[in-house]
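Structure record follows, encoded as structure tokens.
In the UniProt record's numbering, the protein residues as written are 1 to 194.
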């Protein structure tokens, strides 16, 4: 009969058939997610400590890495290609990582209610802002995040404005005439540009 590995929302990994045969201290706080690897090893993700830990076949800790705080706490882990793994977080990030190289962002999204949406008048770009205080520029053709900024207040709106012929923006107008796709992007927070 095969052993069962479970976490039961505790900070320990529990191994057993019908009764607990082994209990291992795994994370500070709960073990939030488990992923059995193709090679038989185990990946775990802790909610409170933001750590991904690799365990060998005997449940000895092999490697560990901490997800940076800005990405939130770990909600899911999955095996990737070669030595890579994927991590889903509480702040709507999907990270691709290795124990040697750290993490890179694969997908990012807003974590709260969307407050603003604007389309670029000439390019396939979208500007969004949300209650999570993030302002994001999206490429609508490639379905890719171009950039993101964190602002100090939660209620914001976003807009794309064409430059006007004033001393402050005349260089914008000159550039626009050279390249008709150039448009000034403006992020407004309580009426002020960010």
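Where a beta carbon is used, it is the ideal one built from N, C-alpha and C, also for glycine.
Counting only the Cα atoms, residue 92 lies some 36 Å from residue 21. Contact between residue 96 and residue 84 holds, since their C-beta atoms are separated by about 6 Å, short of 8 Å. Spatial neighbours of residue 66 in its own chain (CB-CB distance under 6 Å, excluding positions within 5 residues in sequence) are listed in chain order as 50 and 51.
With 16 or more other Cβ atoms from the protein chains shown falling within 10 Å of its own Cβ, residue 27 counts as buried. Rounded to whole angstroms, the Cβ separation of residue 59 and residue 24 is 5 Å, and the two are in contact under 8 Å.
The three-state reading of DSSP puts residue 70 in helix, counting H, G and I together.
By the neighbour-count criterion, in which a residue is buried when 16 or more other Cβ atoms sit within 10 angstroms of its Cβ, residue 137 is buried.
Around the C-beta of residue 70, fewer than 16 other C-beta atoms lie within 10 Å, and the residue is accordingly described as exposed. Per DSSP, the unbroken beta strand (DSSP E) holding residue 139 starts and ends at 134-139.
Less than 8 Å separates the beta-carbon of residue 148 from that of residue 135.
In the three-state reduction of the DSSP assignment, residue 47 falls in the coil class. Beta bridge pairing from DSSP links residue 38 with no other residue. In this structure, DSSP gives residue 126 an extended state, which the three-state scheme calls strand. Out of 133, 144, 45 and 61, the CA that lies nearest to the CA of residue 151 is found in 133. Within the stretch 88-125, the runs of beta strand (DSSP E) that reach at least 3 residues and sit entirely inside it are, in chain order, 93-98, 102-108 and 114-119. Membership of residue 145 in the beta strand (DSSP E) is indicated by the continuous run 144-150. Between residue 73 and residue 109, the C-beta gap is not smaller than 8 Å, which leaves the two residues out of contact.
Beyond the five residues adjoining it in sequence on each side, residue 98 comes within less than 6 Å, by CB distance, of 83 and 84 in the same chain, given in chain order.
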